[in-house]
Amino acid sequence: LLSTHARDTTVTMAMSALRMASVFGLRSGFSGSRGRVAPTVRTVITRATVAEPVVVKREDVITGDKSNNVTDHIFEKIGYNLHKRADHPLGIIKAAIEEYFDETFGKDTFTSFDDMYPVVTTYANFDSVLVPPDHVSRGSNDTYYVDETHVLRCHTSAHQLEMLKDGATKFLVTGDVYRRDSIDATHFPVFHQMEGVRVFDHTEWEGGDAVQVAQTELRNTLEGLAKHLFGDVETRWVDAYFPFTEPSMELEIFFKGEWLEVLGCGVMQGAILTEAGLEGKKAWAFGLGLERLAMVLFDVPDIRLFWSDDKRFTKQFKAGMFKAGGVGMQKFKSYSKYPPCLKDVSFWLPKDDEDGLNTFTENNLCEVVRDAAGVLVESVSLIDEFENPKKGLTSNCFRIVYRSMERSLTDDEINTIQTKVREEMVSKLGVELR
Numbered sequence: 048l049l050s051t052h053a054r055d056t057t058v059t060m061a062m063s064a065l066r067m068a069s070v071f072g073l074r075s076g077f078s079g080s081r082g083r084v085a086p087t088v089r090t091v092i093t094r095a096t097v098a099e100p101v102v103v104k105r106e107d108v109i110t111g112d113k114s115n116n117v118t119d120h121i122f123e124k125i126g127y128n129l130h131k132r133a134d135h136p137l138g139i140i141k142a143a144i145e146e147y148f149d150e151t152f153g154k155d156t157f158t159s160f161d162d163m164y165p166v167v168t169t170y171a172n173f174d175s176v177l178v179p180p181d182h183v184s185r186g187s188n189d190t191y192y193v194d195e196t197h198v199l200r201c202h203t204s205a206h207q208l209e210m211l212k213d214g215a216t217k218f219l220v221t222g223d224v225y226r227r228d229s230i231d232a233t234h235f236p237v238f239h240q241m242e243g244v245r246v247f248d249h250t251e252w253e254g255g256d257a258v259q260v261a262q263t264e265l266r267n268t269l270e271g272l273a274k275h276l277f278g279d280v281e282t283r284w285v286d287a288y289f290p291f292t293e294p295s296m297e298l299e300i301f302f303k304g305e306w307l308e309v310l311g312c313g314v315m316q317g318a319i320l321t322e323a324g325l326e327g328k329k330a331w332a333f334g335l336g337l338e339r340l341a342m343v344l345f346d347v348p349d350i351r352l353f354w355s356d357d358k359r360f361t362k363q364f365k366a367g368m369f370k371a372g373g374v375g376m377q378k379f380k381s382y383s384k385y386p387p388c389l390k391d392v393s394f395w396l397p398k399d400d401e402d403g404l405n406t407f408t409e410n411n412l413c414e415v416v417r418d419a420a421g422v423l424v425e426s427v428s429l430i431d432e433f434e435n436p437k438k439g440l441t442s443n444c445f446r447i448v449y450r451s452m453e454r455s456l457t458d459d460e461i462n463t464i465q466t467k468v469r470e471e472m473v474s475k476l477g478v479e480l481r
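In terms of our numbering, the sequence shown opens at residue 48 and continues consecutively.
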């Protein structure tokens, strides 16, 4: 729902660059091997059929529909469920948060759901949480469309209305979410969110102000969660805007010498509760990103590491190892820093069409690079841009940094990947290489 290179620099980047990808939502191996063929099915357990795994076939998400923009790189991540692995950093943080809610409200008072099906309707993903019709997140530049009316969920909030209609009034939802985004150490097109919702009956505020009652409990709950995760830290609240809550707030903590955003939250809009058949009730909701918290608390410098099965990474984490604020807790120890391979590509941007649209965007370029290189790409950044008034064209130069987290790359394999990237930039993005 609501969801934000030395040690201190890692903290800063993880908390700021992931900010919008983590607050309220608006594999046994890497897929980076160039020659790997994607499996044709992925297994996902849904809430309704825990005993009967639902098989997600490639054709279920790569449909050939004119709106479809899901790639094999994304399909291969479906069903890995990193948040359900007890010895994984994401699973450890998830367990710590669930433990807090059990301790605070009573065991199992908040029901935890972590197996919701990742393909949802556009109504569930956008309209049910009051995302405006013209909001940028609805565009194919930001969202993975399966077809015109179905997407890979952009946030766990996509299940909120369904849960409320099913009668859930105190619940946590955790899952993998999907967004087309830039490529750097703190962004990955698949990441994991957790959100919480708590519904109030009118008897719980009788004689008082319903919004104030909900907001007070929300603040107390989340300040307690921040201290559970980060230790005895100073907290502060910042006013925010989310279309699905009013009032809306962000919680910040003073951690390692700076203010860092932890999560977003608010009192749920009445229209959502009315649609769920809960007219007259109040509710609060919050959302956070598991990768963002894990990167800070475990000192993980690159988000791609969470997808690694290299034992040098996986053996460093065990269920139950979490300690508040990371004090006395083993942090990630880097086992190697393999050399990068830098490739620059210069090109003329295509001209806008009659509707003022352009086939080139940075997100589209990142998708081309990801599909060719998988997790071998570390970053994609614009390093030069200039206008040619005689040609009426704009030139861009992007630097692509390739680096494996597990081994040294060869010139031959990177040259092959880069050739594919250049070819697809022309065929898919309409650029003119320089």
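Don't be surprised by glycine CBs; every beta carbon is placed ideally from N, CA and C. Predicted model only: the values in this text are computed from it and were never measured.
Exercise. Is it right to say V285 is buried, meaning 16 or more other beta carbons lie within 10 angstroms of its own, or is it exposed?
Worked result: exposed
For this session: Report back the beta-carbon spacing between L276 and M241 to the nearest angstrom; my notes put them in contact at under 8 Å.
Result: About 12 Å separates the two Cβ atoms, so there is no contact after all.
Exercise. Counting pairs of Cβ atoms below 8 Å between the segment 455 to 471 and the segment 382 to 392, do you hit three or more?
Worked result: yes
For this session: Please say whether A330 and V246 have beta carbons closer to each other than 8 Å?
Result: yes
Problem set entry | Of the listed residues K104, Q207, Q363, T250, nearest to K380 (C-alpha basis) | Q363
For this session: Determine the contact status of N410 and D228, defining contact as a CB-CB distance below 8 Å.
Result: In terms of Cβ geometry, N410 and D228 form a close pair [threshold 8 Å].
Exercise. How many whole angstroms separate the CB atoms of C413 and I461, which I take to be in contact at a CB cut-off of 8 Å?
Worked result: Separation of the CB atoms of C413 and I461 is rounded to 17 Å, and the pair is thereby denied contact status at 8 Å.
For this session: Quick one: measure Cβ to Cβ for I121 and Y225, integer angstroms, because I've assumed they're closer than 8 Å.
Result: 6 Å
Problem set entry | Spatial distance of P290 from T321 (CA atoms) | 16 Å
For this session: Reducing DSSP to helix, strand and coil, say where G373 ends up.
Result: helix
Exercise. Would F445 pass as a contact of V427 if the rule is Cβ separation under 8 Å?
Worked result: yes
For this session: Please list, in chain order, all residues of the same chain as K475 whose beta carbon is under 7 Å from its beta carbon, the five residues on each side excluded.
Result: V415
Exercise. Between I464 and the rest of its own chain, which residues show a CB-CB distance below 8 Å, the 5 nearest in sequence each way excluded?
Worked result: So the qualifying residues of the chain are R81, A419, A420, L423, Y449.
Exercise. At a cut of 8 Å, does the segment 134 to 146 reach the segment 363 to 377 through at least three beta carbon pairs?
Worked result: yes
Exercise. In or out: S204 buried (at least 16 other Cβ within 10 Å) or exposed?
Worked result: buried
Problem set entry | First through last residue of the alpha helix (DSSP H) which encompasses A257 | 257 to 277
Exercise. Near K328, which residues of its chain fall below 8 Å by C-beta distance, leaving aside the five closest residues on each side in sequence?
Worked result: V246, F247, D248, H249, L320
For this session: Compare the beta carbon distance of F333 and G243 with 8 Å and say whether it is the shorter of the two.
Result: yes
Problem set entry | Cβ neighbours of T96 in the same chain (closer than 8 Å, five flanking residues each side left out) | Because the pLDDT at T96 is just 32, under 50, the model does not fix this residue reliably, and the value given afterwards should be weighed accordingly. Excluding sequence neighbours, T96 sits near nothing in its chain.
For this session: Tell me where the beta strand (DSSP E) around D155 begins and ends.
Result: Element bounds for D155: n/a, residue is neither H nor E.
For this session: Since I believe D161 is in contact with G214 (beta carbons under 8 Å), could you give me their beta-carbon distance rounded to a whole number of angstroms?
Result: 19 Å between Cβ atoms; not a contact.
For this session: Measuring alpha carbon to alpha carbon, tell me which of A232, L310, T151 ends up nearest K217.
Result: T151
Exercise. Are the beta-carbon atoms of W306 and E299 separated by less than 8 Å?
Worked result: yes
Problem set entry | Coarse secondary structure for W252, derived from DSSP in three states | coil
For this session: Look at the alpha carbon of G72 and the alpha carbon of P386, and state the distance between them as a whole number of angstroms.
Result: Because G72 carries a pLDDT of 44, less than 50, the predicted location of this residue cannot be relied on, and no value is offered for it.
For this session: Could you pull out every unbroken alpha helix (DSSP H) segment of at least 4 residues lying fully inside the segment 137 to 209, listed in chain order?
Result: Annotation: the segment 137 to 209 contains the following complete segments of the alpha helix (DSSP H) (minimum length 4 residues), in chain order: 169 to 172.
For this session: For F345, count neighbouring Cβ atoms within 10 angstroms of its own Cβ and tell me buried if that reaches 16, exposed if not.
Result: buried
Problem set entry | Other residues of its chain near E434: CB distance less than 7 Å, five sequence neighbours each side excluded | The beta carbon of E434 is closer than 7 Å to those of T441 in its chain, skipping five residues each way along the sequence.
For this session: Within its chain, find whatever has a CB closer than 6 Å to the CB of I140; leave out the 5 residues flanking it on each side and keep chain order.
Result: L337, L340, A341
For this session: Using DSSP bridges, identify the partner residues of T406.
Result: BP columns for T406 are empty, so no partner.
Exercise. Can you give the Cα-Cα distance for A184 and G311, rounded to whole angstroms?
Worked result: What sits at residue 184 in the sequence shown is Ser, not Ala. Approximately 17 Å between the Cα atoms of the pair.
Exercise. Using the C-alpha atoms, what's the distance from F173 back to E99?
Worked result: Summary for E99: the model assigns pLDDT 47, below 50, so the residue's position carries little reliability, and this model does not support an answer.
For this session: Could you tell me the boundaries of the alpha helix (DSSP H) in which M341 lies?
Result: Contrary to the premise, residue 341 reads as Ala rather than Met in this sequence. Here the alpha helix (DSSP H) through A341 covers 337 to 345.
Exercise. On the three-state DSSP scale, how would you describe G421?
Worked result: helix
Exercise. By DSSP, does V415 sit in helix, in strand, or in coil?
Worked result: helix
Exercise. Which one or two residues does DSSP pair with L310 in a beta bridge?
Worked result: L298
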